[in-house]
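Asks: Residue numbers (my numbering), protein chains in the order written: chain D, 1 to 358; chain B, 359 to 449. I am attaching a structure below and will ask some questions about it afterwards.
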C-alpha cells in the first residue's frame, strides 16, 4: 500500500486515537509492515533507501492526518539515523533490520527535568556500563522496546541504547497533555540499567549521535507541520464554502477570504522551506543542518498560525470534541516546542543570518 | 604555539578549504591553523556536526565512527592531516 492510501485509510480514526490516548497497536504494526518506518535506511538493512524527498512526502501526508502517526515515523527515523550514521558495523547489523521492520520500536530519551533546550546539562549518568536517570516526554516511550538515551560519562556526553525490558526500566505513560495525545508519550526512569550499546565514543554522544537524531527529527517534524497546515487549509476551505449564515456562504465574506489568503501563504511558505531543506539534504550540503532548523521553525509556526485560523473559521465546530482542526491546533502547539523550541531555533538562526545564510 | 605540521604542499590547499568553513561559520573569530576551536569554546554541537558534513562534502570522504577522535578535528591542521590520511587510504 502506498503511504497516501494508508494515510487516507486511517483519517477517520485519528480523532478516536486522540480521545483514547493512543495509536492502536495494530495500526503501529500496520505502519511497520507497510514499510514506512525508517524507510530511508538502505535496503541492505531492510529499509527502502528512500530519499529525503520521499521521507518528506510521507511525513507531510501522515502529518495531515494524525500528528501521532507522523511522530511514530519521526522517532523511529531518528534512532535509525543515529545508528546508521554513528553505529559501528556490528551495531548497524544488530539494530537496523529490527528498526526498519518495526520488530523493535524505539524511543528517543534525551529531555530531563533540568535539561530541555540545553541537553548538555543532562544528569543521567553512565557508569561502569550502567545508566541511571529519568527522562521526560519520550514519544512512543510507553511502547518502545529500546531507548536511545543521552547520558554523561565522566562529564562527557554519551549516547547509549537501552533495552526497555531490562529490570530497572520503569515507564510512566503521560496522559491528558495538550497535544500529541495519541503518541504514547511516557516519562522513563533508568535505575542502574545495563546498556546494550554505546554509540560513538564518549564526548560525541550529544553533538554527533543525538545531533544526527535531532536533525532527522526536525526534518520529519517540519514536513509533518507543512502537511498539518495544508490539511487545516483544505478543511477550512471546504467548511467556508459549504457553510452559510443568513443565506450567505462564509466564503463570500471579505474577512474570511482575507484569512484564507493568509493561510495559503503560510502553508506555501512552510512547504517551500521544507522543499529547500530537502534539496540541500539530497545533495549532502553542510548547510542542510541549519536550513532544516529553519524549515522546522518556519513550518511549525505556520502550522500553529493556520490551525488557529482554521479553528476560528470553523466556529463552534472547531472547538467541538473530535474536531480535526481542534486536534491539529493542539498538536501544532507541541510542534513549536519539540526538537528545539522556537526561541532556541531563533538563536541558531540568528547566528546563521550573521554568517550570511541565504 | 608549536605547529603540528610544517609547511606542506599537500596540506596547504586542504587547510585553506577548512579555513573557508571557519571564516564563514565564525566570522568574528579569525583562527590560526593550530588553534583549538573546541578548547576555545567556539564550536557548538550543531557546528561540530556541520563540520563533519563539510569535510565529507569538500573532500569526498566519509567520516566514520572510528574517525570520531577529537584529535582529528580540534584544529584546521589536524583536520587536514586526517583528510590527507583518508584520501591516501582511498587511493
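Where a beta carbon is used, it is the ideal one built from N, C-alpha and C, also for glycine. Since this is a predicted model, take the numbers as computed values, not measurements.
(1) Please state if the CB of residue 149/D and the CB of residue 124/D are separated by a distance shorter than 9 Å.
(2) Considering only C-alpha positions, which residue in the set 182/D, 236/D and 167/D is nearest to residue 310/D?
(3) Start and end of the alpha helix (DSSP H) containing residue 326/D?
(4) Could you check what DSSP says for residue 92/D in three-state terms: helix, strand or coil?
(5) How about residue 433/B: is its C-beta nearer than 9 Å to some C-beta of chain D?
(6) Would you list the one or two residues that DSSP bridges to residue 187/D?
(7) How do the stretch 303-322 of chain D and the stretch 250-268 of chain D stand: do at least 3 beta-carbon pairs fall below 8 Å, yes or no?
(8) According to the neighbour-count rule (16 or more other Cβ atoms, all chains shown, within 10 Å of its Cβ), is residue 109/D buried or exposed?
(9) Check whether the Cβ of residue 6/D lies closer than 9 Å to any Cβ atom in chain B.
(10) Any idea if residue 33/D is buried or exposed, counting beta-carbon neighbours within 10 angstroms, 16 or more meaning buried?
(11) For residue 364/B, which three-state DSSP category applies?
(12) Check distances from the C-beta atoms of the stretch 411-424 of chain B to those of chain D and list, in chain order, the residues that come in under 8 Å.
(13) Tell me the DSSP secondary structure of residue 342/D in three-state form.
(14) Would you say residue 49/D faces chain B, with C-beta separation under 9 Å as the test?
(15) By DSSP's criteria, residue 157/D is part of a beta bridge. Which residues make up the other side?
(16) With a threshold of 7 Å on Cβ separation, who are the neighbours of residue 324/D within its own chain once the five nearest residues in sequence on each side are excluded?
(17) Just the Cα atoms here: how many angstroms apart are residue 277/D and residue 391/B?
(18) Take residue 9/D as the anchor and find which of 122/D, 170/D, 95/D and 31/D has the nearest alpha-carbon.
(19) Look at the alpha carbon of residue 94/D and the alpha carbon of residue 356/D, and state the distance between them as a whole number of angstroms.
(20) Using a beta-carbon distance cut-off of less than 9 Å, what residues from the stretch 285-299 of chain D approach chain B?
(21) Tell me the rounded alpha-carbon separation between residue 424/B and residue 200/D.
(22) Given that a residue counts as buried once 16 or more other Cβ atoms are within 10 Å of its Cβ, and exposed if not, what is residue 443/B?
(23) Give the residues of chain B in contact with residue 212/D, contact being defined as C-beta atoms less than 8 Å apart.
(24) Please classify residue 420/B: is it buried, with 16 or more other beta-carbons within 10 angstroms of its beta-carbon, or exposed?
(25) For the alpha helix (DSSP H) holding residue 442/B, just list the boundary residues, first then last.
(26) Where does residue 47/D fall in DSSP's three states?
(27) DSSP three-state label for residue 382/B, please.
(28) When you compare only the Cα positions, how much space is there between residue 154/D and residue 101/D?
Replies: Let me spell this out:
(1) One thing to note: residue 124/D has its Cβ within 9 Å of the Cβ of residue 149/D.
(2) Looking at the Cα atoms, 236/D is the closest of the given residues.
(3) For residue 326/D, the enclosing alpha helix (DSSP H) has its first and last residue at 324-335.
(4) When DSSP states are grouped into helix, strand and coil, residue 92/D belongs to the helix group.
(5) No - not a single Cβ of chain D is within 9 Å of the one on residue 433/B.
(6) In the DSSP secondary-structure assignment, residue 187/D is bridged to 172/D.
(7) Three or more Cβ pairs drawn from the stretch 303-322 of chain D and the stretch 250-268 of chain D lie within less than 8 Å of each other, which places the two stretches in contact.
(8) With 16 or more neighbouring CB atoms inside 10 Å of its own CB, residue 109/D falls in the buried class.
(9) Under the 9 Å criterion on CB atoms, residue 6/D is classed as non-interfacial with respect to chain B.
(10) Its Cβ having fewer than 16 others within 10 Å, residue 33/D is exposed.
(11) In this predicted model, residue 364/B has a pLDDT of only 41, less than 50, meaning its place in the structure is not dependable; the value taken from the coordinates is given anyway. Of the three classes helix, strand and coil, the one that applies to residue 364/B here is coil, per DSSP.
(12) Near chain D, meaning a CB-to-CB distance below 8 Å, the residues of the stretch 411-424 of chain B are 411, 412, 414, 415, 423 and 424.
(13) Assigned with DSSP and collapsed to three states, residue 342/D falls in helix.
(14) With 9 Å as the cut-off, residue 49/D does not count as an interface residue toward chain B.
(15) Looking at the DSSP output, residue 157/D bridges to 152/D.
(16) Closer than 7 Å at Cβ, skipping near neighbours: 15 and 235.
(17) Approximately 31 Å between the Cα atoms of the pair.
(18) Of the candidates 122/D, 170/D, 95/D and 31/D, the one whose C-alpha sits nearest the C-alpha of residue 9/D is 31/D.
(19) In this structure, the straight-line span from the alpha carbon of residue 94/D to that of residue 356/D is close to 42 Å.
(20) Within the stretch 285-299 of chain D, the qualifying residues are 285, 286, 287, 288, 289, 290 and 293.
(21) Straight through space, the alpha carbons of residue 200/D and residue 424/B are spaced by roughly 8 Å.
(22) Label assigned to residue 443/B: exposed.
(23) Residues of chain B with a Cβ closer than 8 Å to the Cβ of residue 212/D are, in chain order, 407.
(24) Under this definition residue 420/B is an exposed residue.
(25) Residue 442/B -> alpha helix (DSSP H) spans 434-448.
(26) In the structure shown, residue 47/D sits in coil (DSSP, three-state: anything other than H, G, I, E or B).
(27) Note: residue 382/B maps to helix in three-state DSSP.
(28) Straight-line Cα distance between these residues: approximately 35 Å.
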